[in-house]
Structures are given as C-alpha cells and as structure tokens.
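So the protein sequences, as listed, match chains A and B. When the letters of the first sequence are read in order and numbered with the working numbering, they come out as residues 2 to 109. When the letters of the second sequence are read in order and numbered with the working numbering, they come out as residues 5 to 165.
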Amino acid sequence: MNLRRDVFQAIADPTRRAIIALVALNAMTPSAIAENFPSSRQTISKHIQILTECELLRQEQSGREVYYHFNPRKMKEIADFIEPFRKMWDDRFNKLEGMMKKYKTNKP
Amino acid sequence: MELKTKVHAEEGKQELWITREFDLPVELLFKAHEDPDIFEEWMSHEYGKTKIIKYDIKKHGSWQFDTVDAQGNVLFSANGVFHDVIPNKVIIRTFEMNDSSMPVQLEFLEFESLSEHTSKLSMHIVYRTLAQRDQMLKLPFAQGLSMAHDRLQKVLGKLKQ
Numbered sequence: 002m003n004l005r006r007d008v009f010q011a012i013a014d015p016t017r018r019a020i021i022a023l024v025a026l027n028a029m030t031p032s033a034i035a036e037n038f039p040s041s042r043q044t045i046s047k048h049i050q051i052l053t054e055c056e057l058l059r060q061e062q063s064g065r066e067v068y069y070h071f072n073p074r075k076m077k078e079i080a081d082f083i084e085p086f087r088k089m090w091d092d093r094f095n096k097l098e099g100m101m102k103k104y105k106t107n108k109p
Numbered sequence: 005m006e007l008k009t010k011v012h013a014e015e016g017k018q019e020l021w022i023t024r025e026f027d028l029p030v031e032l033l034f035k036a037h038e039d040p041d042i043f044e045e046w047m048s049h050e051y052g053k054t055k056i057i058k059y060d061i062k063k064h065g066s067w068q069f070d071t072v073d074a075q076g077n078v079l080f081s082a083n084g085v086f087h088d089v090i091p092n093k094v095i096i097r098t099f100e101m102n103d104s105s106m107p108v109q110l111e112f113l114e115f116e117s118l119s120e121h122t123s124k125l126s127m128h129i130v131y132r133t134l135a136q137r138d139q140m141l142k143l144p145f146a147q148g149l150s151m152a153h154d155r156l157q158k159v160l161g162k163l164k165q
C-alpha cells in the first residue's frame, strides 16, 4: 500500500483539511467536530475515518467518549511540513524589515 | 533563492531555533519588538490582525494579545510574561495560547549587531515536550489548510447565492 499517496489524498479534501486544523488545536469528540460543519454527522464520520486510516488522526478513549487527536508524527510523510512555519516567520520578519526601513527614513 | 529566515529543529529535541539577519541596525530591530504599536503591525497578516491588550515590556512584566479576523472574531489569543529584557540584547519571554491544551513555551530572543546597518535575531524556543514542539511546528501547516478551506467556502457560498 502506498501510504504517502494516501496521506496526500486525505488532505486533498477541504473538509478533511478543516478537520485537521480543528483537531490540531484541541482533541475533540466526533460530535464536537461535526458541529463545525453543515454536512451530516455520517459524512463527517466518514472523513474522520479516512483521516484515522492514514494515521493523520489518532483515537483515544476517555471514559465513554472517543477523542480524536492530530497525529503530528505522521505529517513527516509530507516533506515540506515545516515550510509553512518557516514562511510564517519569514513573512513577519520581511514586514518588520520593511516597516523599520521606512521608520529609519522618516525619522527627522 | 537564499532563505533569509532559517528554522533549525533537530530530530528528537524539544526545542528549535529561528534565525534571521536584517538590513537594520540592532536598535531598530529591537525597537520593532519593544514598541507595541510596531509589534502588532508586523505580527498581523492578511487573515488576522494582532491586537495588543497588554504589553508591559520590562523584567517581570506581562503581555497579552488577540488575533482577530476581518469580522472581528477572535481567531487566536495568547499571553505570557517577560522574564528579562535587556535593550538591544535580550528578551526572554514565555508564550501560551489561551483556550488550548498546549503548555506554555519559553523563548530566548538574542539581538546582535553585525555592522552599523545590519543585525541578527536568534530565537531559541523550548517546549515542554517533543510532541508539543512537533505540534507547534505543524500548526501553520494545519491553519494554512484551514484558510484555504475558508477561501473555498467563500467562493462556494457566492456560487450558491
């Protein structure tokens, strides 16, 4: 089985990407995840199942509830996962540099 | 193309380094971190505006900011303390996201003058666990995906009308 291709297929769907983004911040139950989407619970369950099968989400039982966690280790399959983090800081620092160059010129 | 901002995250270590050289004297680089009005402007981006609630930049002072979208919804909210502040040299601060299961992280910012007109910032971030570091590294990836999703929803929303 080509797992790498599966991960890319999993994130090709916008709803599944949004589920990853939600769960990345806090572990959530399937019903809490479903509340964020206009789709039916069954549809969201199917998305969660696909994300779990390719190990982007991890299940954890807590009492009677099942919580889904984002599984960061798996993201290593995606070669450039760190690039958005670097780019976030690069964008901020580019802005800082541009602003302060103007600040310098505007100073009396 | 040479990358100006570098991120160094070693396998198996719960810390990371962000380094960047600036075409700015160290005083201006530090000022961009010290002045709350300037800080909130360069920390803002097209999807979210950073709004400083508190920014008491001195030893044992504290800070707090929100990131809000164009409609004024709070997307993200964070707080921390300044453990130490030495002008043009060092800021040691903590960073914690509100309403999140992420533990607090410790950040060492070192400002260095390279020449009269150039300077360097080195950020060393220490996380509570390795898993937390990996998760924080991947948040912009996950949020980037979410923003792509939001844009798509807007387009689809328009089509439906």
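Note that the Cβ used here is the ideal one computed from N, Cα and C, for glycine as well.
Legend entry - Through-space distance from A:Lys105 to A:Ala28, alpha-carbon basis: 46 Å
Legend entry - beta strand (DSSP E) segment containing B:Ile96, residue limits: 94–101
Legend entry - Rounded C-alpha distance that separates B:Phe86 from A:Ile49: 40 Å
Inset, instruction - Using beta-carbon positions only, say whether B:Phe26 and B:Leu125 come within less than 8 Å of one another. - result: yes
Legend entry - Member of A:Ala19, A:Met89, A:Glu84 whose CA lies at the smallest distance from the CA of B:Glu50: A:Met89
Legend entry - Interface residues of chain A facing B:Ile42 [CB-CB closer than 7 Å]: Met100
Legend entry - Near-chain B residues of the segment 14–31 of chain A - C-beta to any C-beta below 8 Å: Pro15, Thr16, Arg18, Ala19, Ile21, Ala22, Leu23, Ala25, Leu26, Asn27, Ala28
Inset, instruction - Using a threshold of 8 Å, state whether the C-beta atoms of B:Met106 and B:Gln136 are closer than that. - result: yes
Inset, instruction - Kindly indicate if chain A contains any beta-carbon less than 8 Å away from that of B:Thr133. - result: no
Inset, instruction - Classify B:Gly76 as buried or exposed, calling it buried when 16 or more other Cβ atoms lie within 10 Å of its own Cβ. - result: exposed
Legend entry - Contacting residues, own chain, Cβ-Cβ under 7 Å from B:Ala36 (five flanking each side not counted): Ile42, Phe43, Trp46
Inset, instruction - Could you confirm whether any beta carbon from chain B is found closer than 8 Å to the beta carbon of A:Phe38? - result: no
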